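Since the structure comes first, as structure tokens, the remarks are kept for the end.
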Amino acid sequence: MNKKLCIFFILSLFIVFLSLSLVGCGPKAQNKEQVKTIKVWHWMSDREKAFLELAKRYEIETGIRVNFELYAPSDAYAQKVRAAAQTNTLPDIYGILGEKRDFASFIKAGYVYDITEEMDKNEGAWKNKLFAKALSVNEFGQGNSFEVKPGIYGAPIDVTNMQMLYNKDLLKAVGVDPSNPPRTWKDLVAVNRKLKAKGIQGLVSGWGETWMIDCFASNYAFNIMGKDKVLDTIRGKIPYTDPDWIKVFDLFREMRDEGIFASGIVTMVNKTAEQLFANNRAAFAFNGSWCVNVYRGMNPDLNYGAMLPPEASDKYPMTIWGGAGSSFMVNKQSKEAQLAVDFLKWITDAPQQVFLSKETQDLPSNKNSLKDMPMVLSQFANAMDNTTHPNAWGVSEFPVVIEAFDKGIQSIIIGEKTPEQLAREVQQVKEREIAKKQ
Amino acid sequence: MRTKTIFQNYLFVLPAVLIFSIFYIYPFYKVFTLSLCQWDGIARFDFAGNFIGLRNFIELFQDKIWWGAMLQAGYITLIALTFQNALALILAFACDRNIKGGHIYRVIFYLPLVLSEVVVGLVWKWIYDGNYGLLNHWLASMGFSNLVTDWLSNPNTALTCVAIIHCWKGFGWGFIIFLAGLQTIPRQLYEAARVDGASSWQMFKSVTMPLMVPVFILVSILTILGTMQVFVLILSMTDGGPGYHTEVPVTRILASMVDSSRFGYACSQGVMFGMVLLAVSFVQIKLSKYMKQA
């Protein structure tokens with residue numbers, strides 16, 4: 001009797017467990033009110049409040065509910081989106097974090113709606129409102145190396161760029177006119193010598209996050225050898241051992257030897273770098289336009305300005321990374337794809353962009369929303385014409401080459417490698433990857 | 439009747455087998471099949487279309503950074519096996535005696551273990567910081583300014599700094615296991631040894647050590663398996679830098695998967711890493727059997 005009872009108990013438990021698991025996998029109950037709803041996934045915890053407010057306004061205006069779902073940090077979000085793609089559970093609107101190659105994979109797998117037609121409607125009314133540089137990040141041109149059908153696949157909701165920040169008070173303290181920060185590499189080195197003499201740290205940045213090194217180095221690569229040569233290197237036509245690349249690597253050697261770097265820069269996360277700069281512990285920072293909001297939170301009295309990185313060569317203009325800060329894509333398989341597109345049009349419209357910019361201190365993606373901005377933010381906005389972004393180049397470097405490049409620069413900074421050594425190593429990795437592809 | 443009993447027995451283990459199959463065997467099978475493929479983790483997975491045979495493994499054997507990361511994990515493991523476990527054993531001995539406030543010490547020694555690894559990593563990163571870190575501040579104020587350095591950005595100190603924190607964070611469970619082991623040793627054995635005139639060292643050598651061998655084996659196996667997989671601490675303190683100086687196998691797997699979108703290669707790294715750990719555990723079990731017999 002006992003045995004039977006026991007078996008019965010185990011079987012019941014098993015059935016209950018199984019039923020619960022299956023119920024969990026089933027579709028959710030339909031809302032009785034049948035309110036049309038769009039689901040948006042994002043990772044921007046700093047913008048969550050503003051998004052929720054916009055969702056409220058949108059529901060009042062159109063009767064369509066927008067559910068913003070935040071998944072942070074961004075690494076976890078990126079993984080969630082990939083997993084959702086595999087299980088076909090992507091929301092109506094989402095953002096893709098990663099390189100252009102990842103974006104292309106999403107498109108080719110059929111997860112991203114082509115919004116070119118929508119952009120071009122009414123003589124390009126939507127497209128013309130947005131910064132072209134921001135759009136180009138979400139655009140695939142004719143004959144792109146990713147073999148994606150040409151078109152626009154995402155809408156930028158803000159723009160960003162990476163520049164140098166300078167602390168006006170610290171420059172003043174060493175006798176440098178804060179209205180005339182260093183414009184050339186020589187000036188930067190000269191100013192740094194004065195700073196060093198007074199025990200003030202030079203450049204601070206989160207170079208423990210290697211993409212920031214990549215960004216800084218490619219600014220100077222564009223400045224020293226021009227865009228075509230940089231892209232030809234990525235295409236494999238020019239080796240990294242080219243003298244121009246060695247010049248780029250040598251800038252890091254020079255900065256190390258001149259003591260321009262703040263202590264611990266190679267393992268520093270950007271948050272720490274931001275704290276140091278905001279607390280007047282370093283005269284220069286290399287950071288993105290989002291820093292305006294960050295510094296305001298850390299030290300509202302910080303007296304600083306933004307400038308293009310000082311030019312190391314007069315051959316080519318200084319070009320900085322910039323473009324779409326964050327973009328949203330519409331899920332091609334969504335039943336509410338059209339509603340989702342309409343919402344993206346609305347959120348990128350001037351009133352919403354002004355609201356977002358005011359709330360978050362980010363640069364708006366809508367060209368007609370650049371008003372009432374803090375001075376530093378306008379300095380960032382004015383540099384949008386100087387921007388470029390790897391996602392807009394049409395070609396992309398092998399990730400392992402990027403890793404060897406960035407980690408190698410860290411090695412130069414810690415005095416382990418020479419520029420020539422690094423050039424050889426990066427080229428070796430590049431050749432290995434090319435050989436694998438063939 | 440016998441068939442019925444067998445059926446019942448199987449029925450009892452069925453839920454466990456099912457759970458084990460779903461959450462362990464199937465993922466392992468999946469990881470192994472993926473390790474034979476080239477796949478970016480986004481496109482629909484098609485085994486036949488993505489199959490590349492053993493190419494990932496061949497590349498992995500030639501990947502100097504991977505083997506460097508393995509050696510670095512080995513270095514942390516070596517420090518954990520020696521210093522961490524020695525510290526745990528000494529403290530377990532101390533707490534095994536009837537000392538005042540013994541329970542408080544036990545809680546204190548166990549405390550680092552229950553702290554979040556991310557929190558520990560960030561706090562120690564701040565202590566080691568070259569700009570406003572406590573360690574440099576203390577060193578300078580005690581007159582050791584020549585020792586002041588960027589602890590985590592200096593390639594000569596970064597890995598050891600991480601290893602020390604790993605030991606500090608992890609010695610608590612070794613301590614608890616050692617303490618439990620010590621408390622299972624019958625007190626009469628010590629009393630008998632004492633009556634025979636044995637010194638403290640002789641009691642340790644001839645009573646404690648032989649009876650603690652299984653505990654030593656258990657702790658060392660767990661230390662190796664746990665430390666080789668160290669990851670969160672490194673991610674929050676150095677993210678593998680400067681250069682590749684604090685990279686460990688799990689950070690490399692993550693880099694292949696997230697930064698390079700090479701899921702197949704990441705899986706081959708996972709399989710290889712699993713095999714290395716299995717081999718180490720196998721050798722250790724064999725060694726410990728030999729030790730027990732000796």
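Keeping their order, the protein sequence lines are chains P and E. Okay, so the first sequence: first residue is 1 according to the working numbering, each after it adds one. Okay, so the second sequence: first residue is 439 according to the working numbering, each after it adds one. Quick reminder that beta carbons are idealized off the backbone N, C-alpha and C, glycines included. In this text, all values refer to a predicted model and were calculated from it rather than measured experimentally.
D362(P) is classed as buried because its beta carbon has at least 16 other beta carbons within 10 Å across all chains shown. If the five residues before and after V401(P) are omitted, its C-beta is found closer than 7 angstroms to the C-beta atoms of V426, V429, K430 and E433, all from its own chain and listed in chain order.
In this chain, the beta strand (DSSP E) harbouring L165(P) covers A155 to N167.
In the structure shown, the three-state DSSP call for M268(P) is coil. For E416(P), the closest Cβ of chain E is nearer than 8 angstroms. Checking the DSSP bridge columns, you'll see Y566(E) has no partner listed. Contact annotation: V651(E) and I615(E) have beta-carbon atoms that are not nearer than 8 angstroms. In this structure, DSSP gives R700(E) a state outside helix and strand, which the three-state scheme calls coil.
The DSSP assignment places complete alpha helix (DSSP H) segments of no fewer than 4 residues inside the segment 214-279 of chain P at 243-258 and 270-278, in order along the chain.
Note on G581(E): under 16 other CB atoms within 10 angstroms of its CB, so exposed under the neighbour-count rule.
Here A262(P) really is in contact with A282(P); their C-beta atoms are around 5 angstroms apart, less than 8 angstroms. Closer than 8 angstroms to the CB of S105(P) there is at least one CB belonging to chain E. Going by beta carbons, M307(P) and Q201(P) fall outside the 8 angstroms limit. Within chain P, the residues S105, K108 and A109 have their CB atoms less than 7 angstroms from the CB of A481(E), given in chain order. At a cut-off of 8 angstroms between beta carbons, G679(E) contacts chain P. Under DSSP, G322(P) forms a beta bridge with N161(P). Here the segment 50-69 of chain P makes contact with the segment 336-355 of chain P; the two share three or more CB pairs at distances below 8 angstroms. In the pairwise beta carbon analysis, the segment 515-531 of chain E is classified as touching the segment 606-624 of chain E: at least three pairs are separated by under 8 angstroms. Within the segment 566-643 of chain E, the runs of alpha helix (DSSP H) at least 4 residues long that lie entirely inside it are, in chain order, 572-579, 596-622, 625-633 and 638-641.
In chain P, no part has a C-beta under 9 angstroms from the C-beta of V653(E); the shortest such distance is about 36 angstroms.
Interface with chain E (8 angstroms Cβ-Cβ cutoff): V266(P) is included. For H541(E), the enclosing alpha helix (DSSP H) has its first and last residue at G540 to V552. Taking E59(P) as the centre and dropping the five residues before and after it, the same chain places the C-beta of R65 closer than 6 angstroms to its C-beta, in chain order. Y111(P) is the residue among Y111(P), A76(P), T116(P) and W43(P) whose C-alpha sits nearest the C-alpha of K335(P).
The three-state reading of DSSP puts R281(P) in coil, since its state is none of H, G, I, E or B. When C-beta atoms of the segment 285-293 of chain P are compared with those of the segment 447-467 of chain E, fewer than three pairs fall below 8 angstroms, so the two segments do not count as touching.
For chain E, the residues of the segment 389-411 of chain P that bring a beta carbon within less than 7 angstroms of one of its beta carbons are P399, V400, E403, K407, Q410 and S411, in chain order. Between V686(E) and I672(E), the beta carbon gap of about 6 angstroms places them in contact (Cβ cut-off 8 angstroms).
Note on geometry: alpha-carbon atoms of D257(P) and S179(P) lie some 27 angstroms from one another. Only those residues of the segment 541-574 of chain E whose C-beta falls short of 7 angstroms from the nearest C-beta of chain P are listed: D567, G568 and N569. Look at D484(E): its C-beta is not under 8 angstroms from any C-beta on chain P. Residues of chain E whose Cβ lies closer than 7 angstroms to the Cβ of L276(P) are, in chain order, N569. Across the set W245(P), K229(P) and K237(P), the C-alpha of W245(P) shows the shortest separation from the C-alpha of A217(P).
Between the segment 573-591 of chain E and the segment 693-705 of chain E, the count of Cβ pairs shorter than 8 angstroms is below three; the stretches do not touch. When CB distances to chain P are screened at a threshold of 8 angstroms, the residues of the segment 585-611 of chain E falling below it are D588, L590, S591, N592, P593 and A596, in chain order. Excluding its 5 nearest sequence neighbours in each direction, K186(P) has no C-beta neighbour in its own chain below 7 angstroms.
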